[in-house]
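Shown next, in structure tokens, is the structure this report addresses.
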Amino acid sequence: MNYLVVILPKLLSFLLLIGLGYLISALGLIRREGLSSLSALLIRVVLPCLTVSLMHQRGTSFASLLDCWQMVLWQVGGYLVLAAAGIACTRLFRIQPPRSNVHQGCMVGGNYAFVVIPMIMALYAGTEGEQYIPICSAVDTIVVWTLGLALFTRGTAVQGESKLKALCKRLMNPIIVAILGMLVLNSLRVSLPELVLDLCGDIGGISYSLGLIYVGCSVYYLNKGSLSLLKPVSLILVTKLFLVPLLVYLAASRFLPETESVILMLITGAPSMTTSVMIADQHGLDVDYAATAVFATTLGCLISVPLLFAVVALLHL
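Positions in the sequence shown are counted from 1; adding 93 to them yields this note's numbering.
What follows is the structure, encoded as structure tokens:
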């Protein structure tokens, strides 16, 4: 299969929306000072609504997570490897906070919804591989908004507030509350009123386009001509998009079937999530680096995904 053909239309739509956001800011329709309000709307309202809608549609429950416990453990393990690689790179190359926070967070948070799911659907539609879409989606969201957020915000406690208290407050964010709430409701087979579900679906539906437009706006306001981003971004491109996913595949393929191993490779090799920019903005981190990492990894997976499958094919010769 030509995997580039599968992801190219989706990635091109990413780039068009990012370009639209860039144009909107260039025309002065969204100014730099308005980005914080836009990111707060996305993180506190739009994404929780999207989470409620998706988890209701897929009926993800605690029981379904337990049924696929091996895949869940391997997926969590993949994120831990990504986190370890991010921490190692920032220390080895002496990347300092707050850029190191963003680097480590961008390593863990991947664009599961808009890159990985289309790939799984293209590869395994009508097969058992499809069952992992809702399971891996729930695990991805939980880990990204706990471990990933902890890496983003590490050492950024409010003055007069303990680091533990600050971390607990951040981890109990609207998205995690939405996930846990829907897991409980789905496990008890309790459904929210249709009016609420329809409203969540409508609001959550704008997350894809609005999130990428937001990234485009952030790219416009990057500090032009900065070469300091090249080294850390190149580290993300090499480690997140190629080395870690290949390592995860090689380890998983010794214990799991090929389908599960490939899915884990795709999950760990996904480009950095668009919400990385919003998180960086909300917590006063390096927004320029977050926007550059999202943009670069989105482009980079056009090369890395076919390359990973080419290496996998060579391993099976």
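From the three backbone atoms N, C-alpha and C, an ideal C-beta is built for every residue, glycine too.
Model, not experiment: these values are computed from the prediction.
Nearest-angstrom beta carbon gap, residue j and residue i [assumed within contact, 8 Å]
| i | j | result |
| --- | --- | --- |
| Met200 | Ile296 | Going by Cβ atoms, the distance from Met200 to Ile296 rounds to 29 Å, so no, they are not a contact pair. |
| Ala119 | Tyr313 | 6 Å |
| Gly309 | Leu113 | 6 Å |
| Gln226 | Cys161 | With the sequence shown as reference, residue 226 is identified as Ile, and Gln is not the correct amino acid for it. In fact, because the Cβ distance is near 11 Å, the residues do not count as touching under 8 Å. |
| Ile111 | Leu305 | 5 Å |
| Thr234 | Thr144 | 6 Å |
| Gly203 | Ser365 | 7 Å |
| Met148 | Ile272 | 7 Å |
Length of the line joining the Cα atoms of residue i and residue j
| i | j | result |
| --- | --- | --- |
| Tyr342 | Thr332 | 14 Å |
| Leu290 | Ser284 | 9 Å |
| Ser327 | Thr367 | 18 Å |
| Ala215 | Ala206 | 14 Å |
| Ser302 | Ile180 | 31 Å |
| Tyr382 | Ile188 | 12 Å |
| Leu116 | Ala384 | 16 Å |
| Ser146 | Arg124 | 31 Å |
| Gly274 | Ala386 | 32 Å |
| Lys103 | Cys142 | 23 Å |
| Arg282 | Ala406 | 43 Å |
| Val267 | Thr390 | The sequence shown places Pro at residue 267, rather than the Val named in the question. If you take the alpha carbons of Pro267 and Thr390, they lie about 27 Å apart. |
| Leu108 | Phe348 | 37 Å |
| Ile360 | Phe388 | 18 Å |
| Val270 | Met212 | 28 Å |
| Thr352 | Gly127 | 44 Å |
| Leu322 | Ala156 | 44 Å |
| Leu159 | Ala373 | 33 Å |
| Leu101 | Pro190 | 34 Å |
| Gly248 | Val174 | 21 Å |
| Ser397 | Gln150 | 31 Å |
| Val209 | Val232 | 13 Å |
| Leu105 | Gly393 | 12 Å |
| Leu122 | Met371 | 18 Å |
| Gln224 | Ser230 | 11 Å |
| Leu344 | Val237 | In the sequence as presented, Leu is not what sits at residue 344; that position holds Ala. Going by the C-alpha atoms only, they are around 22 Å apart. |
| Ala178 | Pro325 | 12 Å |
beta-carbon residue i near the ligand SAM non-hydrogen atom, thresh 7 Å
| i | result |
| --- | --- |
| Leu159 | Only the bare structure without any ligand can be found here, which leaves the ligand SAM out of the picture. |
Beta-carbon proximity list for residue i, same chain, < 8 Å, skipping 5 on both sides
| i | result |
| --- | --- |
| Leu401 | Phe335, Pro338, Leu339, Tyr342, Met358 and Gly362 |
| Gln375 | Ser129, Ser132, Ala133 and Ile136 |
| Leu315 | Asp381, Ala384 and Thr385 |
| Ser346 | Ser354 |
| Val169 | Val232 and Val236 |
| Gly152 | Pro227 and Asn279 |
Residues of its chain near residue i, where Cβ-Cβ distance is below 7 Å and the 5 sequence neighbours each way are ignored
| i | result |
| --- | --- |
| Thr183 | Ser193, His196 and Gln197 |
| Ser154 | Leu276, Asn279 and Ser280 |
| Leu240 | Tyr172, Ala176 and Val201 |
| Ile299 | Val139 |
| Gly222 | Ile213, Leu216, Thr352 and Ile356 |
| Gly294 | Ser146 |
| Ser311 | Leu128, Val370, Val380 and Ala384 |
| Leu166 | none |
| Gly219 | none |
For residue i, the first and last residue of its enclosing alpha helix (DSSP H)
| i | result |
| --- | --- |
| His149 | Leu140 to Arg151 |
| Arg192 | Arg192 to Val201 |
| Val337 | Val337 to Ala345 |
| Ile396 | Val380 to Leu408 |
| Gly170 | Trp162 to Leu185 |
| Gln375 | Thr368 to Gln375 |
| Ala206 | Run containing Ala206: none; DSSP gives neither H nor E here. |
| Ala133 | Leu128 to Leu134 |
| Thr352 | Glu351 to Thr361 |
| Ser327 | Leu323 to Val331 |
Item to complete: With a floor of 4 residues, list each alpha helix (DSSP H) that falls wholly inside the segment 211-299, ordered by position along the chain.
Response: 225-236, 242-246, 256-264, 267-280 and 287-297
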